[in-house]
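Note sheet for the following structure.
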Amino acid sequence: MALNKSMHPRNRYKDKPPDFGYLASKYPDFQQHVHTSLTGRPVVNFKEPEAVRALTCTLLKEDFGLTIQIPLERLIPTVPLRLNYIHWVEDLIDGQKQPRRGIDIGTGASCIYPLLGATMNGWYFLATEVDDICFDYATKNVEQNNLSDLIKVVKVPQKTLLMDALKEETEIVYDFCMCNPPFFANQLEAKGVNSRNSRRPPPSSVNTGGVTEIMAEGGELEFVKKIIHDSLQLKKRLRWYSCMLGKKCSLAPLKEELRKQGVPKVTHTEFCQGRTMRWALAWSFYDDMMAPSPPSKRRKLEKPRKPLSFRVLHKHVPCRTQEQSLFLTAVENTWIHGRQKRRERLRQLRELPRAPPCPGTSTQTSTISAVSPSSVEQFLFKCLLNVMCEEGDVVVELHWVEGQNKDLMNQLCTYLKNTLLKSVAKS
C-alpha cells in the first residue's frame with residue numbers, strides 16, 4: 189500500500205503525485221522511460237537506474253527550476269523523500285532568525301539537500317563530500333544553478349563528519365545539520381540477505397550508489413553514533429543535529445545513546461514516500477528549542493479520546509443547571525485500598541494513649557489540612573469531571589488532561605462509581 193498520504197503535510201507531492209503523462213510530453217529525455225500499463229496509465233519502471241535518474245532530474249527541473257547531472261554509479265535520490273526531510277528541518281528551526289545556515293554531511297553527486305534548501309528557503313549550506321566523483325558533480329551542479337553564493341561544497345578526508353569539517357568555521361553557529369548516512373555494514377546487508385524479512389516483498393526500486401554512499405563500518409548505527417560523539421564536543425555550535433535512518437531498529441538504540449549522554453532535546457519523525465519508509469532523528473543542546481512532536485504522539489493527540497463515564501440510575505441531584513464541571517488536580521492517591529487504610533487508622537487510634545480532655549475543650553476536634561502550592565506542582569494527574577442529567581439519570585464523565593499515568597484516573601473512576609452506586613442503593 190502506498191504511503192503518500194503519510195507524507196509531510198507541506199510536501200507538494202502528498203496530494204498531487206507527479207503526472208508522468210504530462211512530464212513525458214514536455215521532456216523528451218523522460219518520455220523514453222514512460223510506458224503504458226495494462227490499465228492505460230503512464231508508468232515508470234523504478235528498477236531501471238536510467239528511469240529513476242530521468243524522473244529525479246525532470247522533477248527538479250519542472251518543480252524547482254534546477255538542472256543537475258547524476259552519474260549512474262552514484263546514489264540517485266528520489267525528490268519527494270528528500271523534500272520530506274527539508275520540510276522537517278523547516279519545522280525544527282521554525283522561528284529562528286534569518287539567515288539560516290546548515291551543514292549537509294555527505295552531500296552526494298546530486299547535492300540535492302543544499303540545492304532544495306537554497307532554492308526554496310534561501311538557506312546557506314556547507315556541503316561536505318569524501319568521494320572524488322561525487323564532489324566533482326556536486327560542485328558542477330551548484331555552479332550551473334548559480335547557487336555558489338549560498339552553497340559551499342568542500343572535499344574532506346575519509347571518515348570526516350563534523351569536527352574536521354568545522355575547523356576553519358570557528359565563528360559560525362549553524363542552525364542545523366542533515367545527513368543521509370550509509371545504511372549498510374556490508375554487501376550481504378545491502379542486498380537484504382541478512383537484514384530483510386523473508387515475508388516482505390522485494391524492493392520496488394533499484395538500489396544505486398557508490399561504496400562510501402551505501403556502506404560503512406557498523407552500518408548506519410555506528411555512523412550516527414560517531415556524529416553523536418562529534419556533537420558532544422561541538423554542542424551549541426549547531427542548534428539542531430539530525431540524521432535520516434533507513435532502519436527503524438536503529439532508532440531506539442540511538443535515542444538511548446542520547447539519553448545516556450544527557451542530551452536535553454531529542455525528537456524523531458517518519459518519512460513516507462510510495463512504498464518506502466524512512467526515519468529521522470534530531471537532537472539539540474539548547475534547552476529553549478521547541479521540538480516538533482513525533483508522529484506517534486501526534487496521532488494520539490489527533491485521535492478523539494473517549495471519556496471514562498458511568499451512569500447513576502434514579503438519583504436526583506438538586507442544582508440549578510443540567511450540567512456541572514470541575515477541574516480536578518490529584519496530588520495524592522487516596523482512593524485505593526480505602527478499607528485497608530481505615531483499618532490501619534483505627535488500629536493506630538486504639539494503640540495511642542488517651543489523654544484526659546483539657547477543661548473548656550471539646551472531646552471532638554476537627555482539622556482542616558490545606559494543600560500547599562508546592563504539593564500541587566507535584567501532581568499525579570489532572571482531569572475534567574462532568575456531571576450531567578441525561579434521560580432522567582446522572583452521567584459522570586472524566587476527561588484526561590495530563591499527568592503521570594492514565595491508570596490513576598481509571599482507578600478514581602472505579603472508586604467514584606462504586607461509592608456513588610452504594611450511596612444510591614442505600615437511599
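In our numbering, the protein residues as written are 189 to 615.
Using N, Cα and C, we set each Cβ at its ideal position, and we do this for glycine too.
query, result
"Are the stretch 363-371 and the stretch 420-438 in contact at 8 Å, needing three or more beta carbon pairs?", "yes"
"With DSSP collapsed to three states, give me the class of residue 276.", "helix"
"Take residue 200 and list the residues in its own chain whose beta-carbon comes closer than 8 Å to its own, dropping the five residues that flank it on each side.", "251 and 271"
"Suppose contacts are defined by Cβ-Cβ distances below 7 Å. Is residue 438 in contact with residue 410 by that definition?", "no"
"Along the chain, where does the beta strand (DSSP E) containing residue 362 start, and where does it finish?", "362-367"
"On the three-state DSSP scale, how would you describe residue 430?", "strand"
"Could you tell me which of 255, 244, 290 and 308 sits nearest to residue 198, measuring between CA atoms?", "308"
"What whole-angstrom Cβ distance do residue 244 and residue 332 have, given they're in contact under 8 Å?", "With 8 Å as the limit, residue 244 and residue 332 do not qualify as a contact, their Cβ atoms being about 16 Å apart."
"Taking the C-alpha atoms as reference points, what is the distance between residue 570 and residue 369?", "43 Å"
"Does DSSP put residue 221 in a helix, a strand or coil?", "coil"
"Compute the distance between the beta-carbons of residue 591 and residue 573, then report whether it is under 7 Å.", "no"
"Ordered along the chain, which non-local residues of its own chain (more than five positions away) have a Cβ less than 7 Å from that of residue 206?", "247"
"For residue 355 and residue 459, I'd like the C-alpha separation in whole angstroms.", "32 Å"
"Using only the alpha-carbon positions, how far apart do residue 576 and residue 274 sit?", "49 Å"
"Leaving aside the five residues before and after residue 219 along the sequence, list all residues of the same chain whose C-beta is less than 6 Å from its C-beta, in chain order.", "212"
"Using only alpha-carbon positions, find the residue among 302, 310 and 297 that is nearest to residue 324.", "297"
"Cα-Cα, which of 347, 457 and 277 is closest to residue 146?", "The question about residue 146 has no answer, for the chain in this structure spans 189 to 615."
"What did DSSP end up calling residue 551 once you bin it into helix, strand or coil?", "Bear in mind that the predicted position of residue 551 carries a pLDDT of just 45, short of 50, making it too unreliable to give a figure here."
"Using the Cβ count rule (16 or more neighbours within 10 Å means buried), how would you classify residue 478?", "exposed"
"In whole angstroms, what is the alpha-carbon distance linking residue 512 and residue 537?", "38 Å"
"From the DSSP output, in three-state form, read off residue 513 for me.", "strand"
"What does the alpha-carbon distance come out to for the pair residue 261 and residue 434?", "20 Å"
"CB-CB under 7 Å to residue 343, same chain, minus the five flanking residues each way: which ones, in chain order?", "317 and 323"
"Just checking my contact of residue 461 with residue 268 at CB under 8 Å: how many whole Å lie between their CB atoms?", "5 Å"
"Hey, out of 339, 278 and 263, whose CA is closest to residue 292's CA?", "339"
"Taking C-alpha atoms, which residue in 589, 314, 585 and 481 lies nearest to residue 353?", "314"
"Using the C-alpha atoms, what's the distance from residue 282 back to residue 525?", "49 Å"
"Exposed or buried, which one is residue 442 when buried takes at least 16 other CB atoms within 10 Å?", "buried"
"On the criterion of 16 or more Cβ atoms from any shown chain inside 10 Å, does residue 671 qualify as buried, or is it exposed?", "The structure shown has nothing for residue 671, since the chain only spans 189 to 615."
"Just to confirm my understanding: we take residue 599, look at its own chain, exclude 5 residues before and 5 after, and list those with CB closer than 7 Å. What are they?", "523 and 524"
"If we require 3 or more residues per run, which beta strand (DSSP E) segments fall completely within the stretch 197-270?", "222-224 and 230-232"
"Pull up the CB-CB distance for residue 449 and residue 415, whole angstroms please, since I reckon it's below 8 Å.", "Not quite, the Cβ-Cβ distance comes to about 12 Å (not below 8 Å), so this is no contact."
"How would you call residue 310, buried or exposed, if buried means at least 16 neighbouring beta carbons within 10 angstroms?", "exposed"
"Let me know if residue 253 comes out buried or exposed under the rule of 16 or more other beta-carbons within 10 Å of its beta-carbon.", "exposed"
"Rounding to the nearest angstrom, what Cα-Cα distance links residue 230 and residue 238 in this structure?", "17 Å"
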